[in-house]
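Numbering (our numbering), first residue to last: 1206 to 1822.
Cβ coordinates follow ideal geometry from the N, Cα and C atoms, glycine included.
Since the structure is predicted, the reported quantities are computational estimates derived from the model, not experimental observations.
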């Protein structure tokens, strides 16, 4: 026993001596747990961060963007054990680039990438090497911006890096990190002195606060060893209260309306050249983050399509997105009530989305290898031009759960609840994507409604929901209203020719020669289950708008007033004629003529006409 005690004493003395002369290494498992704690802290603070977001634009989404970026890291690199610290950081950087959202998300992703590149493939990292890697990450993050600004996340990252580098003599990891965290907090507190817009709003920079939140999560893990403590809140309550009025700090900028992003994949990607080209395009808030094989591009532009086309000259474009910052700003200013979301399959009349604060998640479509965001990356007019001229048949696809999750997270940080009024489950998986997003977020505050409709019918239900939301109705009351209106909302359509439906597999091939031989103009109706079903047909091609209007009017209760949406597929003149005929035949409250989007147009083809009706109750 005495021998054993003597051995232990000797061993402890030797260990102390060795530790005094041997650098302490940060290894993969501990680094992973620390990063999990940091990521979770940021995600828990996303709503608070959204509320203090005033720079570079007051669109209230910094918290959601950082949460989405770090969420991709949590479900990727941090979800599996990695022994080597260098390998772990490489995976963290890659996943952050792939999932980066927003200006701050892209900067943070580039920071991780820069740290990983400086570390290399090593199993463990000593304090001196880590401090140099963080310094390299700070420089890399700054280099990702075309016009870096002080008073932002960049300032805090730099302050943290400088403090780490200055105290590499410390052998206690907790003390070493805590000293650097204190410096980061000081830099955060100073951000309002560096950016007048922050000082005016009485807040610190949201991206900088997010970085400090991450550091505080790591610090808590280092001190307690617990990495699942995510229920803390920001201490700076004054920041949150002051930020409620920040929405009026800047005017809407039509030249930089869309917060646009994409992922570029390739070999030898040139960050500097891409950044210069995007800047020459007239974009603002340009961030190009990543490595030579994967780049995340973020920019504010008027035309996302032009941005994505430019990016395609440098590499393969993937994961495009474009958020309407005008809509986001309206949402932050009108926060307090239920907010309505729909998808771009709904053919909303011009101006109504802005008037009623309806948020639209774009469908996706492609022509061959070219991918587009519906009505954003490719306008409806451009779609029909390509439909008439391209050999390749376009394909539409549902938004991903991530597309919905990003929108839901942002909106629920400003509103108590949302109602998604979605495309019929019977014809698309879009509704399932929305349900998946809701289940992964605030399922108790997200209400998903299957319209069993599309085009104008879906739009009429979204309009009714938005009007109810503006009246102050609860989400439950809005859902009851939609259930009442759903079976009374009808959609009819005719196709001037059915070749596109045949090519898309919606109509059997034998039907085309039969329809041509008989001179038929087929008519379909959306069933109560939300499916398109052949209903009738017109013989001949003459006077179709008038005959179509007369046919539909026969089924309408003339004792009620109706709302009408006429949709046309690149046939504006006939669409207006059809609406004029309907107005003669049906008592109406409001009526609109719209250009029907790709969700219908890809299958119905040019010349198709759509009628959607809903009674006023």
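Alpha-carbon to alpha-carbon, residue 1252 and residue 1618: Approximately 5 Å between the Cα atoms of the pair.
Check whether residue 1561 and residue 1415 have beta carbons under 9 Å apart: Result no, Cβ atoms of residue 1561 and residue 1415 do not sit closer than 9 Å.
Span separating the alpha-carbon of residue 1304 from that of residue 1336: Rounded to the nearest angstrom, the two C-alpha atoms are 26 Å apart.
Given residue 1654 as reference, the closest of 1474, 1625, 1645 and 1511 once Cα atoms are compared: Per the Cα distances, 1625.
Beta-carbon proximity check, residue 1629 vs residue 1623, cutoff 9 Å: Result no, Cβ atoms of residue 1629 and residue 1623 do not sit closer than 9 Å.
Validate contact between the region 1504-1513 and the region 1233-1244 using beta carbons, cut 8 Å, 3 pairs: The region 1504-1513 makes no contact with the region 1233-1244, as fewer than three CB pairs between them are under 8 Å.
Exposure label - residue 1729; buried when at least 16 CB within 10 Å: Counting Cβ neighbours within 10 Å, residue 1729 comes out buried, since at least 16 surround it.
Cα-Cα separation, residue 1582 to residue 1527: Straight across, the Cα-Cα distance linking residue 1582 with residue 1527 is about 8 Å.
Validate contact between the region 1780-1798 and the region 1731-1740 using beta carbons, cut 8 Å, 3 pairs: No, the region 1780-1798 is not in contact with the region 1731-1740.
Residue 1311 and residue 1503 closer than 9 Å at C-beta: Judged by their CB atoms, residue 1311 and residue 1503 are nearer to each other than the 9 Å cut-off.
Proximal residues to residue 1824 (C-beta, below 7 Å), its chain only, five neighbours per side dropped: Because the chain is modelled from 1206 through 1822, residue 1824 falls outside the range shown and cannot be assessed.
CB contact flag (residue 1689, residue 1659, <9 Å): Not a contact, by the Cβ cut-off of 9 Å.
Nearest-angstrom Cα separation, counted from residue 1470 out to residue 1485: In this structure, the straight-line span from the alpha carbon of residue 1485 to that of residue 1470 is close to 22 Å.
Three-pair Cβ contact test at 8 Å for the region 1673-1690 versus the region 1738-1745: No, they do not touch.
Bridge partner(s) assigned by DSSP for residue 1601: Paired residues: 1570.
Contacts around residue 1547, its chain only, beta-carbon distance under 8 Å, and the 5 residues preceding and following it disregarded: Excluding positions up to five away in sequence, the list reads 1553, 1563, 1564, 1565, 1566, 1625, 1626, 1627, 1663, 1664 and 1667.
Exposed unless 16 or more other CB atoms sit within 10 angstroms - verdict on residue 1480: Answer is buried; the Cβ neighbour count reaches 16.
Supposed close pair residue 1342, residue 1293 - CB separation, criterion 8 Å: Contact flag wrong, Cβ pair sits at about 14 Å.
Coarse secondary structure for residue 1424, derived from DSSP in three states: Annotated three-state conformation of residue 1424 is helix, per DSSP.
Under the three-state DSSP convention, the category residue 1820 falls into: In this structure, residue 1820 counts as strand in the three-state DSSP scheme.
Three-state class that DSSP yields for residue 1357 in the structure shown: If DSSP states are grouped into helix, strand and coil, residue 1357 belongs with coil.
Any 3 or more C-beta pairs closer than 8 Å across the region 1769-1778 and the region 1789-1800: Output reads yes: the region 1789-1800 touches the region 1769-1778.
Inside the region 1468-1544 only - alpha helix (DSSP H) runs reaching at least 4 residues: The region 1468-1544 contains these whole alpha helix (DSSP H) runs: 1476-1485, 1509-1516 and 1530-1538.
Three-state secondary structure (DSSP) of residue 1397: If DSSP states are grouped into helix, strand and coil, residue 1397 belongs with the helices.
For residue 1460, three-class secondary structure by DSSP: Here residue 1460 sits in helix by DSSP.
Closest by C-alpha distance to residue 1822, when choosing among 1788, 1673 and 1741: Residue 1673 is the option with its Cα nearest to residue 1822.
Backbone secondary structure at residue 1326 - three-state DSSP: DSSP places residue 1326 in coil when its eight states are reduced to three.
Run of the beta strand (DSSP E) containing residue 1768, from where it starts to where it stops: Where residue 1768 is concerned, the enclosing beta strand (DSSP E) stretches over 1767-1773.
Residue nearest to residue 1390 in terms of C-alpha spacing, selected from 1365, 1400 and 1406: Minimum Cα distance to residue 1390 is reached at 1365.
Per-residue DSSP class, three states only, for residue 1441: Confidence in residue 1441 is poor, its pLDDT being 39 and thus under 50, which makes the residue's placement unreliable; the coordinate value appears in the next sentence. Here residue 1441 carries a coil assignment [DSSP, helix/strand/coil].
Residue 1379, DSSP secondary structure in three states: Three-state DSSP puts residue 1379 in a helix.
Buried versus exposed call for residue 1603 [16 or more other C-beta atoms within 10 Å across all chains shown]: By the neighbour-count rule (16 or more Cβ atoms within 10 Å), residue 1603 is buried.
Separation of residue 1558 from residue 1671, as counted between CA atoms: Distance between the alpha carbons of residue 1671 and residue 1558: 9 Å.
Pair within 9 Å by beta-carbon distance, residue 1349 and residue 1482: No, Cβ-Cβ distance for residue 1349 and residue 1482 is not below 9 Å.
The region 1632-1648 contacting the region 1514-1527, beta-carbon criterion three pairs below 8 Å: Fewer than three pairs of CB atoms, one per stretch, sit closer than 8 Å, so the region 1632-1648 makes no contact with the region 1514-1527.
9 Å Cβ cutoff met for residue 1750 and residue 1814: If you check the CB distance, residue 1750 and residue 1814 come in under 9 Å.
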